[in-house]
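**Student:** So that we are looking at the same thing, I have put the structure below in structure tokens.
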Amino acid sequence: MKYAKEHGFPNPKFYVDDGYTGTNFDRPSFKEMSMDIEKGLVKTVIVKDLSRFGRNYIEVGSYSEIIYPEAGVRFIAIMDNVDTGSLESNEFAAFTNLFNEWYPKSDVV
């Protein structure tokens, strides 16, 4: 909410999938958000970081680099410095996505 307010996004709607894994996109609120995007109700998706959006390298890249741009939706991952509306967006986002997919599969505790 703070980021949205500070950066001029006046009416944020929150889609929260607590208790669901980010390793797939079969999540109720994600599906609701996707339908709202199709209806033209969402113009910007803001997440804390890429891992909060998803932990599937291919799907995260598909949404952030193909699906959202084609729908005219701006994608922002605050902590990863990703903003599809900026030329200065993080060039290493793909590597971050790879790590995010690997992490839940590792034995890291």
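Sequential numbering of the sequence shown, starting at -5, is according to this note's numbering.
Every residue, glycine too, gets a C-beta built ideally from N, C-alpha and C.
(1) Helix or strand or just coil, what does DSSP make of Val39?
(2) State the Cα-Cα distance for the pair Asn5 and Val39, rounded to the nearest angstrom.
(3) If you follow the alpha helix (DSSP H) that Ile70 is in, where does it begin and where does it stop?
(4) What does DSSP give as the partner residue(s) for Asp77 in the beta ladder?
(5) If you reduce the DSSP assignment to three classes, tell me which class Val10 lands in.
(6) What are the start and end residues of the alpha helix (DSSP H) that includes Phe47?
(7) Rounded to whole angstroms, what's the CA-CA distance from Phe3 to Ile52? Just pull it up for me.
**Tutor:** So, from the listed chains and residues:
(1) In the displayed model, Val39 falls within a strand according to three-state DSSP.
(2) Going from the Cα of Asn5 to the Cα of Val39 covers about 12 Å.
(3) It is not in any alpha helix (DSSP H) - Ile70 instead sits in the beta strand (DSSP E) that spans Arg68 to Ala71.
(4) Ile70
(5) Reduced to three states, the DSSP call for Val10 is coil.
(6) That run of the alpha helix (DSSP H) goes Leu44 to Phe47.
(7) Each residue's CA atom was taken as its position, placing Phe3 and Ile52 some 28 Å apart.
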